[in-house]
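Number of protein chains: 2
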Amino acid sequence: MRAIHAKHRVGRRSLVFPGRPSVLSTFTVAGPMEGQGPLGRAFDTVIPDTFYGERCWEQTESKMLREAIVHCIQAAGAAESDVDVLFTGDLLAQCIAGSYAARDLAVPHFGLYSACASFAEGLIAASAFLEGGFAAHAVVAVSSHHDAAERQFRFPTELGVQRPPTAQWTATLAAAVMLGYPGSPFAGGAGRVRITGATLGEVIDVGVKDPYDMGTAMAPAAVDTLATHFKDFGVPPSYYDVIVTGDLGAVGQRIAADLLESKGLAVKDRFQDCGLLLYDRARQDVHAGGSGAACSAGVFCAHFYRGMMNGSWRRILFAPTGALHSPVSSKQGEAIPAICHAVALEAV
Amino acid sequence: MRAIHAKHRVGRRSLVFPGRPSVLSTFTVAGPMEGQGPLGRAFDTVIPDTFYGERCWEQTESKMLREAIVHCIQAAGAAESDVDVLFTGDLLAQCIAGSYAARDLAVPHFGLYSACASFAEGLIAASAFLEGGFAAHAVVAVSSHHDAAERQFRFPTELGVQRPPTAQWTATLAAAVMLGYPGSPFAGGAGRVRITGATLGEVIDVGVKDPYDMGTAMAPAAVDTLATHFKDFGVPPSYYDVIVTGDLGAVGQRIAADLLESKGLAVKDRFQDCGLLLYDRARQDVHAGGSGAACSAGVFCAHFYRGMMNGSWRRILFAPTGALHSPVSSKQGEAIPAICHAVALEAV
């Protein structure tokens, strides 16, 4: 039915990146609580308190994001002038964490918004820029801050409102990756983790209205994108060593796993969720798990990227999910639409 | 100094699109006041009142945006399934106009945020997707709604706060363009307006803190991107028949023109601003002019695209500007950073 088929398009919603854009460096700046979690020692920086020398949490978030970007570029041995385009995403209204972080950098800037799926949107957009010949090096960076998000999306933090068990904990984290090609002078020993393909998400709304249960709202979007991915590429879930969702948490991940299995997609033996890896739920009071734009990005950098580099996994399907509501849409009685973009990575 | 130069990169911040992605269709949905302005008869739809059957202006904006997208696809004779990717941008917190508009569409969705420069960011991202072989057809759509923006960024509309002469009027508008190639079965008689290149913006902050004077905040970003464009491409301003900024308004446009002229760039005989074309300032009480994410997009579709199609202009440099603050950043004492992305178009 398609009138014209784009060259690097597979199936209805998927892309292939034949040149295989590669991760050249990563950098993470984690909050104190994230630093005390199971991945604490894997983060590049753990800030001592939630303000980090700033007066407001929004400014803290922007500072964390800026530092992640700057140190990521430095980690690759590159300079700002080597970065052809910077993609940022965050949850703050009007995406101020990214805009204010970019203010201090002499780098072309594109702001993105797919809520907690923004990191995947950025990896896909950056890969398209690299593969299309529009950038030799790109940085993708996202951030979230628990306290800034909490007071924006829910209640003033001082109020201490009780949270139901389905609630998730927005991560205080910033993470940046620099993408290029293995032939880059900045590749060094890196460049072995490559982005081979992606499946673009559609906005899915199943009518969930509870902002304290975003896992349930997002699970159908994850199922839709993952099922489309396997169909578009004609591979079974077992093609990947691990299939990782962004921040479905304990509630949403179980729903997504059940729905995928009911479609005949056997994922359960290799299904992980960044929101469940970031914290120790037995020890840290995060209820259903972590969330936030930087939850999947931080866990990717600190855990999955390192694991791919040291040979633990060869192929990963990385599928961050985003809840696309706002405090205004919730108060106006709207449900919570969601999206999931999936990125396929391979270690060589 | 560049280690690796991307194939379609020119100078420090510019891209060329050798395949020349083309505009296949456009559609605009304008508010009542915009319908009474100088371009009123050029809009495809003018809604009768600012609610348009919805209970809240935010929902009205999302409805306008959805209709612009749907009718733009129809105007090309295409179906949703022909659209490989939809880029949306709006000013509402968490970009809800775009997310809720995309909810009803079975189209892969990428949310963007460059404030009122989002339309340019979308045109550039879509062009990169088309040229890279990642999409055969893409839709770029943006929206803004005066009342939704006013109560979000400034004061409750019911309060009737007096606005200073430097203030601009956020346009109630939604606009969509469908991009493809002239060989597309959906090109019809269109496809003659092509995107030939672009210059990516950096975030520029000159310290302006007054959200009632965004023209002054944004003018330096426009100057930076336009000057970079002429340098990167090695062309003088006279290469273009018209050079169009997005929504600098009367104050910002004068500043930008003076700054460009002081750099030896003679733009004044061909310098226009969408914010000054959308309303009749003598008759409509918009102070310094129009603004909003859809101001530049709506004026592009209703005025410049049509003018290019009918031979009035051959080459246009289209440079929407965005103010990247939020109500929170303003209250926290931050200045207003700005960005400008420029898109070069040519009629054949």
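In order, the protein sequence lines correspond to chains D and U. Under the working numbering, the residues of the first sequence are numbered 1120 to 1467, in order. Under the working numbering, the residues of the second sequence are numbered 1120 to 1467, in order. Glycine residues also receive a C-beta, built at the ideal position from the N, C-alpha and C atoms.
Which residues does DSSP pair with D:Gly-1316 in a beta bridge?
Residue pairing by DSSP places D:Gly-1316 opposite D:Val-1135 and D:Ala-1463 in a beta bridge.
Determine the chain U residues that contact D:Glu-1250 at a beta-carbon separation under 9 Å, and present them in chain order. Near D:Glu-1250 (Cβ distances below 9 Å), the residues of chain U are Gly-1251, Gly-1252 and Phe-1253.
Could you tell me whether the Cβ of U:Gly-1408 comes closer than 8 Å to any Cβ of chain D? The beta carbon of U:Gly-1408 does not come within 8 Å of any beta carbon belonging to chain D, so the residue lies off that interface.
Per-residue DSSP class, three states only, for D:Cys-1175 = Coil.
Query raised in the report: Expressed to the nearest angstrom, what Euclidean distance is found between the alpha-carbon atoms of U:Ala-1122 and U:Ile-1458?
Result: At U:Ala-1122 the pLDDT is 47, less than 50, meaning the model places this residue with poor confidence; the figure from the coordinates comes in the next sentence. Rounded to whole angstroms, U:Ala-1122 to U:Ile-1458 spans 26 Å at the Cα level.
So, helix, strand or coil for U:Met-1120, using DSSP?
With a pLDDT of 35 at U:Met-1120, under the threshold of 50, the predicted position of this residue should be treated as unreliable, and no value is reported.
- Item | Cross-chain neighbours of D:Leu-1158 in chain U, by beta carbon under 9 Å | Those do not exist, as D:Leu-1158 stays about 27 Å from chain U at its closest Cβ, beyond 9 Å.
Could you give the first and the last residue of the continuous alpha helix (DSSP H) run that contains D:Gln-1372? For D:Gln-1372, the enclosing alpha helix (DSSP H) covers residues 1368–1381.
- Query: Given U:Pro-1140, which residues of its chain have a CB within under 6 Å of its CB, disregarding the five upstream and five downstream residues?
  - Reply: Residues of the same chain with a CB within less than 6 Å of the CB of U:Pro-1140, apart from the 5 flanking positions on each side, are Ser-1246, Leu-1249, Leu-1298 and Ile-1314 in chain order.
Spatially closest choice to U:Phe-1349 from U:Ala-1221, U:Gly-1310, U:Glu-1380 and U:Ala-1212, by CA coordinates: For the residues U:Ala-1221, U:Gly-1310, U:Glu-1380 and U:Ala-1212, the minimum Cα distance to U:Phe-1349 belongs to U:Glu-1380.
- Message: Is it the case that the region 1171–1191 of chain U contacts the region 1437–1457 of chain U, given that we only count it when at least three CB pairs across the two stretches are under 8 Å?
- Response: In short, these stretches do not touch, since the Cβ pair count stays below three.
Practice problem: Can you tell me the Cβ-Cβ gap for D:Gly-1441 and D:Cys-1235, rounded? I've got them flagged as a contact below 8 Å. | Solution: About 4 Å separates the beta carbon of D:Gly-1441 from that of D:Cys-1235, a gap short enough to meet the 8 Å contact definition.
Selection from U:His-1444, U:Asp-1209 and U:Gly-1365 that minimises the alpha carbon distance to D:Tyr-1232: For D:Tyr-1232, the nearest C-alpha among the options comes from U:Asp-1209.
Exercise for the section: Consider the Cβ of U:Glu-1177: report whether some Cβ of chain D lies at a distance smaller than 8 Å. Expected result: So, interface residue.
Please tell me whether D:Lys-1126 has its Cβ less than 8 Å away from any Cβ of chain U. Taking Cβ atoms only, chain U reaches closer than 8 Å to D:Lys-1126, which makes this a yes.
(request) Quick one: list the residues of chain U neighbouring D:Leu-1134, beta-carbon separation under 7 Å, in chain order. (result) Here the neighbours are Phe-1253.
* Asked: Taking only beta-carbon atoms, is D:Gln-1213 less than 8 Å away from chain U?
  -> With 8 Å as the cut-off, D:Gln-1213 counts as an interface residue toward chain U.
Got a sec: does the ligand NAD put a non-hydrogen atom nearer than 7 Å to the Cβ of D:Ala-1293?
What this structure holds is no ligand at all, so the ligand NAD is not there to describe.
Q. Ends of the beta strand (DSSP E) at D:Val-1296?
A. In this chain, the beta strand (DSSP E) harbouring D:Val-1296 covers 1292–1299.
| query | Of all the CB atoms in chain D, is at least one closer than 8 Å to the CB of U:Val-1462? | reply | Not closer than 8 Å to any Cβ of chain D, the Cβ of U:Val-1462 fails to qualify, so no.
Sequence-distant residues of the same chain with beta carbon closer than 6 Å to D:Gly-1426, five excluded per side: Same-chain partners within the cutoff: Trp-1432.
* Asked: Do we get a CB-CB distance below 8 Å when we pair U:Val-1296 with the residues of chain D?
  -> Not an interface residue.
- Query: When you check each C-beta in the region 1306–1325 of chain D against every C-beta of chain U, which residues fall closer than 7 Å?
  - Reply: Flagged, chain order: Leu-1319, Gly-1320, Glu-1321, Val-1322 and Asp-1324.
**OP:** State the CB to CB distance for the pair D:Phe-1238 and D:Ala-1412, rounded to an integer number of angstroms; the pair is presumed to be in contact (CB under 8 Å).
**Re:** Yes, they are in contact, since the Cβ atoms of D:Phe-1238 and D:Ala-1412 sit about 7 Å apart, within 8 Å.
Residue environment, D:Phe-1274, which counts as buried when at least 16 other CB atoms sit within 10 Å | Of the other Cβ atoms in all chains shown, fewer than 16 fall within 10 Å of the Cβ of D:Phe-1274; this residue is therefore exposed.
- Message: Counting only Cβ pairs nearer than 7 Å, list the residues of chain U close to D:Pro-1456.
- Response: By Cβ distance, chain U contributes Ser-1218, Tyr-1219 and Arg-1222.
List the endpoints of the continuous beta strand (DSSP E) containing U:Phe-1253. U:Phe-1253 -> no beta strand (DSSP E), and no H or E assigned at all.
| query | Are the region 1166–1174 of chain U and the region 1308–1322 of chain U touching by the rule of at least three beta carbon pairs closer than 8 Å? | reply | Not touching, per the Cβ criterion.
Quick check on U:His-1422 - is its C-beta less than 8 Å from some C-beta in chain D? Cβ-Cβ to chain D under 8 Å: no for U:His-1422.
| said: Please confirm whether U:Ala-1244 has its beta-carbon closer than 8 Å to some beta-carbon of chain D. | reply: With 8 Å as the cut-off, U:Ala-1244 counts as an interface residue toward chain D.
* Three-state secondary structure (DSSP) at U:Val-1405? -> Three-state DSSP puts U:Val-1405 in coil, outside helix and strand.
* To do: Assuming U:Ala-1336 contacts U:Ile-1374 (C-beta within less than 8 Å), just tell me the rounded distance between them.
  => Rounded, the Cβ-Cβ distance is 10 Å, inconsistent with contact.
* To do: For chain D, find out if any of its Cβ atoms is closer than 8 Å to the Cβ of U:Ala-1095; answer yes or no.
  => Chain U is shown from 1120 up to 1467; residue 1095 of chain U falls before or after that span and cannot be answered.
When the cut-off is 8 Å and only beta carbons count, does U:Glu-1153 lie next to chain D?
-> For U:Glu-1153, the answer is no, since every Cβ of chain D falls outside 8 Å of its Cβ.
Next on the checklist: Measuring only the C-alpha atoms, how far is D:Leu-1224 from U:Arg-1402?
Outcome noted: Rounded to whole angstroms, the gap between the alpha carbons of D:Leu-1224 and U:Arg-1402 is 42 Å.
What are the partner residues of U:Gly-1288, as DSSP defines its beta bridges? It should be noted that the sequence gives Trp, not Gly, for residue 1288 of chain U. Answer is U:Gly-1409.
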